[in-house]
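*Asks:*
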Ligand SMILES: [Zn+2]
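In this note's numbering, the protein residues as written are 231 to 298.
#1: For residue 249, does the count of other Cβ atoms within 10 angstroms reach 16, so buried, or fall short, so exposed?
#2: Inspect the beta-carbon positions of residue 257 and residue 278 and report whether they are closer than 8 angstroms.
#3: Does the distance between the C-beta of residue 253 and the nearest non-hydrogen atom of ligand 1 fall short of 7 angstroms?
#4: Using DSSP bridges, identify the partner residues of residue 255.
#5: Report the CB separation of residue 253 from residue 261 in whole angstroms; it is logged as a contact under 8 angstroms.
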């Protein structure tokens with residue numbers, strides 16, 4: 231009998247989520263409470279999105295895109 235290794239996907243998901251900061255805010259256009267990650271929001275009710283520069287983390291630059 232061999233021990234079954236724990237499933238991988240949940241571990242990877244938890245690892246990914248631990249690096250994310252999930253916050254909520256009120257949509258500035260329609261007032262619906264919406265959730266965002268790292269300070270970036272998009273409203274599913276009216277389509278409003280906040281400016282990318284309001285995010286809490288830096289966006290990757292073209293230099294970070296090694297696949298280009
Ligand atoms: Zn909205």
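We put the beta carbon where it would ideally sit given N, CA and C, even for glycine.
Note that the structure is a prediction, hence the values are computed from the model and not measured.
*Replies:* On the basis of the coordinates in this document:
#1: Residue 249 comes out exposed.
#2: In this structure, residue 257 places its C-beta atom within 8 angstroms of the C-beta atom of residue 278.
#3: Between ligand 1 and the CB of residue 253, the shortest heavy atom gap is not smaller than 7 angstroms.
#4: Paired residue(s): 264.
#5: Distance from residue 253 to residue 261 at the Cβ level is roughly 17 angstroms; contact not present, criterion being Cβ atoms closer than 8 angstroms.
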